[in-house]
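In the numbering used here, the protein residues as written are 1 to 136.
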């Protein structure tokens, strides 16, 4: 399933995402990956969660990002969750033009049984296609 944390910068989305990742790891022992735009939050995560600094991979756009996520899933068949913080800075694209990518991520999550948790910072209201996935 696809879960979106959407809101203005500084409203605690990253903190909630990290808490969710740590809680799921401790309670369920699940294999999970946490992707962020840089390494600033790496030490806030449980050490059993694989951390990926997206800036190391020069991701440039939605197609490259979806290939990146598929590659992560392909290398670990026991993967149960992927957490993506600072999504817009990782993908380098505005949410308005990403309907197709989010549709792919939803289908990918359902097909692979991998939960996707994504935090998106924006001053604007969420596009209609995202509203069904937003966790309040």
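Ideal placement from N, C-alpha and C gives every residue a C-beta, glycine not left out.
Item                                                                                          : Value
For residue 2: DSSP bridge partner residues                                                   : 116
Segment contact flag, the region 38-51 with the region 98-116, C-beta cutoff 8 Å, min 3 pairs : no
Residues bridged to residue 53 [DSSP beta-bridge criterion]                                   : 36
Local conformation of residue 77 per DSSP, three classes                                      : coil
Nearest candidate by alpha-carbon position, reference residue 77, set 38, 30, 121, 88         : 30
Among 127, 109, 40, 12, the one whose alpha carbon lies nearest that of residue 66            : 109
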